[in-house]
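Here the structure is laid out as structure tokens; the discussion comes afterwards.
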Amino acid sequence: MQERNRTGSRVEFLLDEESTRTLRNTRDARYRVPDNARRYRIPGNGIPVSCPDLIED
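In this note's numbering, each residue's number is its place in the sequence shown (first place is 1) plus 5.
Below is the structure:
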């Protein structure tokens, strides 16, 4: 996760390299990941804070 919006309800999200590859190879037309992108930031207003689970190593 990167940063929350002003109300704290949505978060910008920067994908890691593996997630970027996975998204690039899906047929989801909402996201067009450039072939040369190693990491991809989810565009727009981000995603709702309640959606992602934080995974800590």
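Backbone N, C-alpha and C fix where the C-beta goes; we use that ideal spot for every residue, glycine too.
(message) So, at 8 Å on beta carbons, what are the nonlocal neighbours of Leu-28 in its own chain, with the 5 sequence-adjacent residues on each side left out?
(response) Same-chain partners within the cutoff: Leu-20, Tyr-36, Val-38 and Tyr-45.
(request) Could you tell me which of Arg-26, Ser-14 and Arg-11 sits nearest to Ala-42, measuring between CA atoms? (result) It is Arg-26 whose Cα lies nearest to the Cα of Ala-42.
(request) Starting from Arg-29, trace the alpha helix (DSSP H) both ways and give me its first and last residue. (result) Where Arg-29 is concerned, the enclosing alpha helix (DSSP H) stretches over 22-29.
(request) Please report how far the alpha carbon of Val-16 lies from the alpha carbon of Glu-23, in whole angstroms. (result) Put simply, the backbone Cα of Val-16 is about 20 Å away from that of Glu-23.
(message) At the level of alpha carbons, what is the spacing between Ile-52 and Asp-40?
(response) Their Cα atoms are separated by approximately 23 Å.
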